[in-house]
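S.K.:
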Amino acid sequence: MGRFGRAGVALLLALSLGVVARGAAAAEGQMTLAVHITLTPRWLDPGETESAITPFMVLYAIHDALVKPMPAGPLSPSLAESWSRSSDGLAYEFVLRPAKFHNGDPVTAEDVKFSFERAAFLTAWREK
1331 MGRFGRAGVA LLLALSLGVV ARGAAAAEGQ MTLAVHITLT PRWLDPGETE
1381 SAITPFMVLY AIHDALVKPM PAGPLSPSLA ESWSRSSDGL AYEFVLRPAK
1431 FHNGDPVTAE DVKFSFERAA FLTAWREK
């Protein structure tokens, strides 16, 4: 097992033990989860993250995606309530669910557009 595989197993074990230990003390309907990760902060930026470095379960706890892959294969709605694809497969339209940022500001289509454009810029910049 490689270094990242061992790190992933260790993270899953730590999460499992933390949930079991905290589960009894948490109020009903409330869950508190604490995770200690020793990664440089840039790796928690979804625009700069390589999936082999930061597990997506950590990123999804901090950032949301339009859709998320599920173990059975299909994509699951997340920030997007629904989506459709054009007949030529070149364009997608997403309907966003009501969501808020950590400060209470609503998430808008412009915010999602900004995130995609930023990620595309970072990718193009890295490839130069």
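Each residue of the sequence shown is one higher than the one before, starting from 1331 at the first, in the numbering used here. By construction, the Cβ of each residue, glycine as well, lies at the ideal position given by its N, Cα and C atoms. Quick caveat, the model's predicted, so the values are computed rather than measured.
Between the C-alpha atoms of PRO1428 and PRO1404, what's the straight-line distance to the nearest angstrom?
M.R.: Cα to Cα, PRO1428 sits roughly 23 angstroms from PRO1404.
S.K.: Which whole-angstrom value describes the C-beta separation of ALA1439 and LEU1420, a residue pair presumed to lie in contact below a C-beta threshold of 8 angstroms?
M.R.: Not quite, the Cβ-Cβ distance comes to about 19 angstroms (not below 8 angstroms), so this is no contact.
S.K.: Can you find the residues in the same chain that come closer than 7 angstroms, C-beta to C-beta, to PHE1431, ignoring five residues on each side of it along the sequence?
M.R.: These residues qualify, in order along the chain: VAL1437.
S.K.: Please state whether DSSP places SER1416 in a helix, a strand or coil.
M.R.: Coil, per DSSP.
S.K.: How many angstroms separate the CA atom of PHE1444 from the CA atom of ALA1395?
M.R.: Cα to Cα, PHE1444 sits roughly 13 angstroms from ALA1395.
S.K.: DSSP on GLU1423, reduced to helix/strand/coil?
M.R.: DSSP places GLU1423 in strand when its eight states are reduced to three.
S.K.: With DSSP collapsed to three states, give me the class of ARG1352.
M.R.: Any reading at ARG1352 must be qualified, since the residue scores a pLDDT of 48, below 50, and its modelled position is unreliable; the value itself is stated next. In this structure, ARG1352 counts as helix in the three-state DSSP scheme.
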